[in-house]
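A short worksheet on the structure shown next.
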Amino acid sequence: MVDAPGRLLVVDDNKVNRLLLSRSVEMLGHTVTLAENGRIALDRLAEGGFDLVLLDIEMPEIDGFEVLAAIKSDPELRDLPVIVTSSVEGLDNIVRCIELGAEDYLPKPVNKVLLKARLTSCLEKKRLRDEQRTLLGRFATQEVARDLRETGFSIGGRRIEASVLFCDIRDFTALSEDQRPEDTIELLNSYYALMFDAISSHGGIVNLMIGDGLMALFGAPKPLENAALSAVVAAREMLDMMAAFNADQQMRAAPQIRIGIGIASGEVVAGYAGTQERASYTCIGMTVNRAARLESHTKTVGCSMLVDEGTYLAVAEPSAGTRLAGVAFKGFSEPLDIYRLA
Amino acid sequence: MSAPPVDTAVLTDLQDSMGANFAAELVATFLQEAPGMIADLRAAAAEGAADDLRRAAHSIKSNAAIFGAEPLADIAREIEIEGLRDGALARLEAEYARAAEALKDAADG
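Going down the list, the protein sequences come from chains A and B.
In terms of UniProt numbering, the first sequence opens at residue 1 and continues consecutively.
In terms of UniProt numbering, the second sequence opens at residue 1 and continues consecutively.
Right under this line is the structure:
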């Protein structure tokens, strides 16, 4: 038996080899799915859920080299370990497998001790990679995690058109002073859960959380058809969710939360900033500053959502907002026309 | 052809590590499948299909090695690498007949 059984796909066009290999693997405590050629293998892999592939090379139609190449060029499958099991002649063929990204090569007939050692080591590596992936997803948002997986990590940014949303809680300090710290954290967690849901369901990513404030990006790293509209729709949903949340809080005589949202659209520089040791996906530029100022200005105006002209024009519903002309903001030489949407 | 058609040590090892029942089932599967593989080989030779010839020889080679049928595996390997020479097809068929006989005996015994 093994510590951590895996789900394996055994690919071999030869029946005797298939039987022997699957039996050997099952005796080690793993579960096996069989594929008798390359095409079936790719179909099974598309269904997902495998931890490792044992792959034969000599097969009609789609051979092992092609299956290997297909696995390694698919972002969803790229990390899946592949062990080539073959009695293919010639060192150059083995080298080719390794170059194509095979984890290892086991000559046939497969030595059972070697098989056990290779499977254990590969499955352990796979488990660590999956753990990393989960952690990355927890700290970096799905889109950034995918971006990292696909394009790798490099410090530096690029110019893109995006919408930036800032949101924070009104008088959060006063609110937290009246409660136990545990209750404050719980309140914050509920707030973040709702905000994340609204933002990500409209294609945005939360890339910054500070205390009770957050910054979200729409249109980066994944392009959106109309980033400004997505941001505004998400903001409306955030406000709706807070209204529902507050109604619930009121029934339980618990404190309510008021939020303010600022949205600006335009050019930003987005990318990974920091050092090789510690970095985050972020974006900077005047658009970001504008969004921050707008959010802050909601307190002055006493409203819930302010957007800049770029956002307002992209949303294209002129009747829905109130124009506030010529508002002066710190750090901006010219006064700005802004719009109150809620 | 002085070498025994099947190295019984390899076969015994297979029985010990995989269980006698499974080993017998595997031998039976090979005896079922092998005539088809040899037919593929013959067809590929007749059509001059080099890739198919190499693949069929490769399958026979890898299966023969599982059961310790080394002389059969050697001829199959020769065909896989060098193609058909010196009556290789006839030699392979004769050697398969010997190996099949020995495997049946071992399974019955």
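Just so it is clear, CB atoms sit at the ideal spot from N, CA and C, and this is done for glycine as well.
Note that the coordinates shown come from a computational prediction; the quantities given were computed from them, not determined experimentally.
- Message: With a threshold of 8 angstroms between beta carbons, is B:R42 in contact with chain A?
- Response: no
- Query: At which residues does the alpha helix (DSSP H) containing B:P71 begin and terminate?
  - Reply: E70 to E82
- Task: Just list the alpha helix (DSSP H) runs in the UniProt domain "Response regulatory" (7-123) of chain A, keeping only unbroken ones of 4 residues or longer that don't cross its boundaries, in chain order.
- Result: 15-27, 38-47, 64-72 and 91-100
- Compare the C-beta of A:N37 with all C-beta atoms of chain B and state if any pair is closer than 8 angstroms. False, the Cβ-Cβ gap to chain B never drops below 8 angstroms.
- Item | Short CB-CB distance (under 8 angstroms) between A:S87 and chain B | yes
- Item | Bridge partner(s) assigned by DSSP for A:C167 | A:L214 and A:I261
- Is the stretch 21-31 of chain A close to the stretch 64-79 of chain A, with three or more CB pairs under 8 angstroms? no
- Item | Range of the contiguous alpha helix (DSSP H) that encloses A:G310 | Segment E309 to V315, the alpha helix (DSSP H) holding A:G310.
- Message: Give me the chain A residues within the contact set of B:R55, using Cβ-Cβ distance strictly less than 7 angstroms, ordered along the chain.
- Response: E58 and P60
- Message: What does the alpha-carbon distance come out to for the pair A:G321 and A:R340?
- Response: 5 angstroms
- Message: Quick check on A:I210: buried or exposed, where buried means 16 or more other Cβ atoms within 10 Å of its Cβ?
- Response: So A:I210 counts as exposed.
- Task: For B:T12, decide whether its Cβ has a neighbour in chain A, counting only Cβ atoms nearer than 8 angstroms.
- Result: no
- Based on the DSSP output, what are the partners of A:L208 in its beta bridges? A:M215
- Closer than 8 angstroms to chain B by CB, A:V82: no
- Query: Looking at C-alpha atoms only, which residue of A:Y105, A:A244, A:I205 and A:S201 is the closest neighbour of A:S87?
  - Reply: A:Y105
- Query: Going by the CB atoms, is the gap between A:A235 and A:I261 shorter than 8 angstroms?
  - Reply: yes
- Task: Following the continuous alpha helix (DSSP H) through B:T29, name the residue where it begins and the one where it ends.
- Result: Note, B:T29: alpha helix (DSSP H), A20 to E47.
- Is B:N63 closer than 8 angstroms to A:N17 when the C-beta atoms are compared? Between A:N17 and B:N63, the C-beta spacing is below 8 angstroms.
- Please list, in chain order, all residues of the same chain as B:D7 whose beta carbon is under 7 angstroms from its beta carbon, the five residues on each side excluded. For B:D7, where only same-chain residues beyond five positions count, the Cβ hits under 7 angstroms are G68 and E70.
- Distance, Cα to Cα, B:R98 vs B:P5? 6 angstroms
- Candidates B:D52, B:L31 and B:F30: closest to B:D40 by CA position: B:D52
- Query: Does B:T29 get closer than 8 angstroms to chain A when you measure Cβ to Cβ?
  - Reply: yes
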